[in-house]
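**Student:**
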Amino acid sequence: MAGSILATGLVGCAAALSVGLALPGSAAVFGQRLAGAADAAALAAADAASGAVSGIPCELAQAIAEAAHAELSGCDIDGLTATVTVSAMFGRMPATASARAGPPP
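Under the working numbering, the first residue of the sequence shown is numbered 4, with each subsequent residue one higher.
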């Protein structure tokens, strides 16, 4: 009887730990996906600014951000360099990520 109580307690602790780590883990995954969206949007804007692809840089960045289910919060073009900020909601918490793309400084 004591062994089954101990086993039940261990299973309960393991379940509580798993549930407790699920939120930080999913937040980390969300942050990486948002950073990837910012990178892709900045690369698209920099390509348009350099003339490698046709289009308006910030409009291309907006399209990439929307495809990644994010919102373009900021887009700054300085010569051939694009700096982009994207945002999205993680639950009820806002999250942002920024990226810069262009030739080396």
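All C-beta atoms in this analysis are idealised placements derived from N, C-alpha and C, irrespective of residue type, glycine included.
Alpha carbons only, please: which of Met96, Pro107 and Leu75 is nearest the one belonging to Leu26?
**Tutor:** On the sequence shown, residue 26 is found 23 positions in, with the first residue counted as 1. Minimum Cα distance to Leu26 is reached at Met96.
**Student:** Run through DSSP, which three-state label would Ser76 get?
**Tutor:** Stepping through the sequence shown from its first residue, residue 76 is reached at position 73. It is a strand residue.
**Student:** Can you give me the Cβ contacts of Ala47 inside the same chain, cut-off strictly under 6 Å, excluding the 5 residues immediately before and after it?
**Tutor:** For the purposes of this step, residue 47 is taken as residue 44 along the sequence shown, with counting starting at 1. The residues are Leu63, Ala64 and Ile67.
**Student:** On the DSSP bridge assignment, give the partners of Ser29 in chain order.
**Tutor:** Walking along the sequence shown from the start, residue 29 turns up at place 26. Partner(s): none; Ser29 has no beta bridge.
**Student:** Thinking C-beta only, is Gly105 closer than 8 Å to Ala55?
**Tutor:** The sequence position of residue 55 within the sequence shown is 52, counting from 1. The sequence position of residue 105 within the sequence shown is 102, counting from 1. Cβ distance not < 8 Å, so Ala55 and Gly105 don't count as in contact.
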